[in-house]
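Everything on this sheet refers to the single structure shown next.
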Amino acid sequence: MSEERIVKGVFRLAGTAAAAVALVLTSALTAQADAQASGTVKAPYASGGKVVGSANLNGPNAPTKFCVTLLAAHPYTPDVAISTTCKTISAGKVTTKAAIPPCGKYATLASATVNGRITFYKKSGYTLFCS
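For any residue, its number in this note's numbering is found by taking its place in the sequence shown, counting from 1, and adding 849.
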């Protein structure tokens with residue numbers, strides 16, 4: 850009967866150790882996901898007949914959905930999204946492009962999302978483009 854108690858005790862101890870390890874790993878991943886990301890957003894510029902918006906996500910981060918959007922200013926409504934590019938990265942650059950309009954003011958907006966939570970959100974100033 851005492852051998853049975855020893856075996857049960859060993860399995861309880863092993864189960865408790867496994868649960869503790871899982872808790873530590875989960876806490877580490879959650880802490881990493883909750884950290885604020887950092888990066889830079891470049892003002893839009895013209896290249897090859899297109900308006901280009903780009904942003905850089907500093908790293909390393911947990912796998913992050915990083916989106917860059919070109920916004921066109923509109924006199925009567927909020928900014929209008931003209932082009933968006935999203936990539937899942939840990940660090941790096943994302944670029945989006947659109948045709949140069951007859952005339953318009955554009956800005957670049959970048960956002961990073963980890964597990965549905967926005968960890969970085971930044972908008973550049975406006976640049977005027979006329980073709």
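We put the CB at the ideal spot given by N, CA and C, even for glycine.
Since we're looking at a predicted model, the values are computed, not measured.
Whole-angstrom distance between residue j and residue i, CA atom to CA atom
i           : j           : result
residue 885 : residue 898 : 35 angstroms
residue 890 : residue 921 : 16 angstroms
residue 925 : residue 953 : 14 angstroms
residue 840 : residue 919 : The chain is shown from 850 up to 980; residue 840 falls before or after that span and cannot be answered.
residue 942 : residue 951 : 28 angstroms
Counted within 10 angstroms of its Cβ, other Cβ atoms place residue i as buried (16 or more) or exposed
i           : result
residue 892 : exposed
residue 932 : buried
residue 965 : exposed
residue 859 : Its pLDDT being 46, under 50, residue 859 is placed unreliably in this model, and the coordinates cannot settle the point.
residue 939 : exposed
residue 963 : buried
residue 955 : buried
Neighbourhood of residue i by C-beta distance below 7 angstroms, restricted to the same chain and skipping five residues each side
i           : result
residue 949 : 895, 898, 899, 900, 978 and 980
Contacts around residue i, its chain only, beta-carbon distance under 8 angstroms, and the 5 residues preceding and following it disregarded
i           : result
residue 967 : 960 and 961
Cβ-based neighbour list, residue i, same chain, cut-off 6 angstroms, excluding 5 preceding and 5 following
i           : result
residue 917 : 902, 904, 934, 943, 945 and 959
residue 909 : 939 and 940
Secondary structure, beta strand (DSSP E): runs of 3+ residues fully inside the segment 879-909: DSSP runs (the beta strand (DSSP E)) wholly in the segment 879-909: 888-896 and 899-906.
Considering only residues of the segment 917-959, which uninterrupted beta strand (DSSP E) runs meet the minimum length of 3 residues and lie entirely inside it, listed in chain order? If only complete runs of 3 or more residues are kept, the segment 917-959 shows the beta strand (DSSP E) at 929-938 and 941-948, in order along the chain.
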